[in-house]
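Trainee:
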Amino acid sequence: PRVVLATRNAGKIAELRRILADAEVPVEIVGLEEFPEIGDVAETGLTFAENALLKAHAVARQSGLPAIADDSGLCVDALNGMPGIFSARWSGRHGDDPANLDLLLAQVSDVPAEHRGAHFACAAALALPSGEERVTEGALHGVIIDTPRGVNGFGYDPILVPEGESRTTAELSAEEKDAISHRGRAFRALAPILAEVLV
Ligand code: ITT
Numbered sequence: 012p013r014v015v016l017a018t019r020n021a022g023k024i025a026e027l028r029r030i031l032a033d034a035e036v037p038v039e040i041v042g043l044e045e046f047p048e049i050g051d052v053a054e055t056g057l058t059f060a061e062n063a064l065l066k067a068h069a070v071a072r073q074s075g076l077p078a079i080a081d082d083s084g085l086c087v088d089a090l091n092g093m094p095g096i097f098s099a100r101w102s103g104r105h106g107d108d109p110a111n112l113d114l115l116l117a118q119v120s121d122v123p124a125e126h127r128g129a130h131f132a133c134a135a136a137l138a139l140p141s142g143e144e145r146v147t148e149g150a151l152h153g154v155i156i157d158t159p160r161g162v163n164g165f166g167y168d169p170i171l172v173p174e175g176e177s178r179t180t181a182e183l184s185a186e187e188k189d190a191i192s193h194r195g196r197a198f199r200a201l202a203p204i205l206a207e208v209l210v
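Numbering-wise (UniProt numbering), the sequence shown opens with residue 12 and increments by one.
#1: Rounded to whole angstroms, what's the CA-CA distance from leucine 205 to glutamate 54? Just pull it up for me.
#2: Please work out which residues of its chain come closer than 8 Å, Cβ to Cβ, to isoleucine 24, disregarding the five sequence neighbours upstream and downstream, and give them in chain order.
#3: Check whether the Cβ of residue 6 lies closer than 6 Å to any heavy atom of ligand 1, and answer yes or no.
#4: Let me make sure I understand the geometry here. Which of Pro109, Ala150, Leu139, Ala185 has the alpha-carbon closest to that of glycine 166?
#5: Have a look at histidine 68 and asparagine 111 and give me their C-alpha separation to the nearest angstrom.
#6: Taking one C-beta from the region 45-53 and one from the region 115-135 each time, how about it: are there three or more such pairs within less than 8 Å?
#7: Starting from serine 83, trace the alpha helix (DSSP H) in both directions and tell me its first and last residue.
#8: Would you kindly report the start and end of the unbroken alpha helix (DSSP H) that includes glycine 22?
#9: Identify whether phenylalanine 165 lies in helix, strand or coil by the three-state DSSP scheme.
#10: Counting only the same chain and skipping the five closest in sequence on each side, list residues whose C-beta sits under 7 Å from that of glycine 22.
#11: If we define contact as Cβ-Cβ less than 7 Å, is valine 154 a contact residue for chain D?
#12: Starting from phenylalanine 97, trace the alpha helix (DSSP H) in both directions and tell me its first and last residue.
#13: Are the region 150-161 and the region 170-179 in contact at 8 Å, needing three or more beta carbon pairs?
#14: Could you tell me if aspartate 121 is buried or exposed, where buried requires 16 or more neighbouring beta carbons within 10 angstroms of its beta carbon?
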């Protein structure tokens, strides 16, 4: 069966294709570029899971195919969990614009090292054209550093050092990040559900 990957974020697309291929998901993943008529979905949910489901349902309905979506972000303890679901537009600019990372660094600049805890969170949603739905979640805990390091990954990767690591997630290889990441965990948990629901 064919499944549509309901995201326009290039960094996510690369990670999701790798993670789902490694999980040996028995489906053909097609991108949104095959459905130019499908526009952006308003992310009006209050949680990662709600937003992932909104995206997956909209694409399943409009494409007539099962759809999987990711909603993710960085939750900073000292900012009461912000930017969270607002991570992609924290500075008003979208996605990988460095303005988002710069604003976050400015906001934590006075926070002492022992209070720099944060985590990446991801909800992975599957929706069928019939309306059936499933969601799984994953998290990656770490600390926010002062100065960005590394060129891999995307978004806030250059400023998060996972627990037990000395490197940022932007200094990990793709495989190293996938093994521990919020997205890796959420989509590896979704893989057996995809196999069960779709095959
Ligand atoms: P789609 O809605 O099309 O999937 P988006 O970028 O708008 O793309 P989100 O609303 O889920 O997606 O926002 C996720 C943001 O959280 C993303 O733009 C990054 O800023 C951040 N983020 C999520 N996962 C990340 C990761 O693995 N590494 C670094 N930053 C991440």
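Every residue, glycine too, gets a C-beta built ideally from N, C-alpha and C.
Mentor: Reading off the structure:
#1: Counting from 1 along the sequence shown, the entry for residue 205 is found at position 194. Counting from 1 along the sequence shown, the entry for residue 54 is found at position 43. If I take the Cα positions, the gap works out to 23 Å.
#2: Indexing the sequence shown from 1 puts residue 24 at position 13. Excluding residues within five positions, the ones whose Cβ falls inside 8 Å are Leu16, Thr18, Gly42.
#3: Any answer about residue 6 is impossible in this case: the structure gives the chain only from 12 up to 210.
#4: The residue labelled residue 166 in the question sits at position 155 within the sequence shown. Among Pro109, Ala150, Leu139, Ala185, the Cα nearest to that of glycine 166 belongs to Pro109.
#5: On the sequence shown, position 57 is the one that residue 68 refers to. On the sequence shown, position 100 is the one that residue 111 refers to. Their backbone Cα atoms lie some 28 Å apart in a straight line.
#6: no
#7: Counted from its first residue, the sequence shown places residue 83 at position 72. It is not in any alpha helix (DSSP H) - serine 83 instead sits in the beta strand (DSSP E) that spans 78-87.
#8: Translated into positions along the sequence shown, residue 22 becomes position 11. Taken as a continuous stretch (DSSP letters only), the alpha helix (DSSP H) holding glycine 22 covers 21-33.
#9: In the sequence shown, residue 165 corresponds to position 154, counting from 1. If DSSP states are grouped into helix, strand and coil, phenylalanine 165 belongs with coil.
#10: Numbered from 1 along the sequence shown, position 11 holds the residue referred to as residue 22. Same-chain partners within the cutoff: Asp107, Gly164, Phe165, Gly166.
#11: Judged by its chain identifiers, the structure shown contains no chain D, having just a single protein chain.
#12: Position 86 of the sequence shown, counted from the first residue, corresponds to residue 97. No alpha helix (DSSP H) contains phenylalanine 97, which DSSP labels as neither H nor E.
#13: yes
#14: To locate residue 121, count along the sequence shown from 1; it is residue 110. So aspartate 121 ends up on the exposed side.
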